[in-house]
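Trainee: Numbering (mature numbering (1 follows the signal peptide of the UniProt record, and there is no 0)), first residue to last: -24 to -1, 1 to 205.
1) Would DSSP call residue 24 helix, strand or coil?
2) Specify, as a first and last residue, the run of the alpha helix (DSSP H) that residue 148 falls within.
3) Check each candidate in 84, 123, 112, 162 and name the one with the smallest Cα separation from residue 99.
4) What do you get for residue 148, buried or exposed, if any count of 16 or more other CB atoms within 10 angstroms of its CB means buried?
5) Going by other Cβ atoms of all chains shown within 10 Å of its Cβ, with 16 needed for buried, is residue 116 buried or exposed?
6) Can at least three beta-carbon pairs, one atom from the stretch 131 to 147 and one from the stretch 40 to 49, be found at a separation below 8 angstroms?
7) Ordered along the chain, which non-local residues of its own chain (more than five positions away) have a Cβ less than 7 angstroms from that of residue 57?
8) List the residues that DSSP assigns as beta-bridge partners of residue 56.
9) From the DSSP output, which residues share a beta bridge with residue 43?
10) Rounding to the nearest angstrom, what Cα-Cα distance links residue 9 and residue 75 in this structure?
11) Is it true that the stretch 45 to 52 meets the stretch 125 to 133, where meeting means three or more beta-carbon pairs spaced less than 8 angstroms apart?
12) Going by DSSP, what residue range makes up the alpha helix (DSSP H) through residue 71?
13) Residue 90: which of 73, 141, 97, 110 sits nearest, CA to CA?
14) What does the Cβ neighbour count give for residue 141, buried or exposed, with the cut at 16 atoms within 10 Å?
15) Please report the straight-line C-alpha distance between residue 46 and residue 95, rounded to a whole angstrom.
16) So, are the CB atoms of residue 151 and residue 133 less than 8 angstroms apart?
17) Under 8 angstroms between the Cβ atoms of residue 21 and residue 119?
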């Protein structure tokens, strides 16, 4: 039985809604190139889930931000982190080809896309590596994951730290960077989640909250130890 069939169906429904043409989005894509894909994906995921847009923008910057030719820090969708080493590729095809070679070599501990979703723990939430690299799918998955982390955290900053790692030292270091980036992201109007949601977390395996950065299951940990190894 395909346990993830319903999740994918909901994901495809959300993507269909979020992919409707928008002149502002098209202007962003023209002006920002592929960097704009992550930014627009964060914007649409915020609209779909209710996660503050600035939170998602700061996360994608923290995960894949690099300096553009103009000197601005922008996220990049065709990024891969393998064993702590970051790789930025010029095209989606190059990034996907790299990941497929890594997987053929038997290695699954790698993070991909705008929000650096870990393949080892979260690949089952996607139909393929190709879909995992899709900026909209990647952003929606990250947004739903952040919602779950926020329920177990004091604030969005704490949730961001847990998004990165279950080890307090690593989480705190990430939070410091996240907070700095968040302070520089323009605040948009508050948004309400899309009405079509039946399951608030359709892209996550039922009952399992896994550490993205720490690569360990968190569902077996006591509530008080959720963010510690």
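The beta-carbon is built from N, C-alpha and C at its ideal position, and this holds for glycine as well.
No experiment lies behind these values; they were computed from the predicted model shown.
Mentor: So, from the data block:
1) helix
2) 144 to 160
3) 84
4) exposed
5) buried
6) no
7) 86, 87, 92
8) 63, 88
9) 49
10) 22 angstroms
11) no
12) 68 to 80
13) 110
14) buried
15) 32 angstroms
16) yes
17) yes
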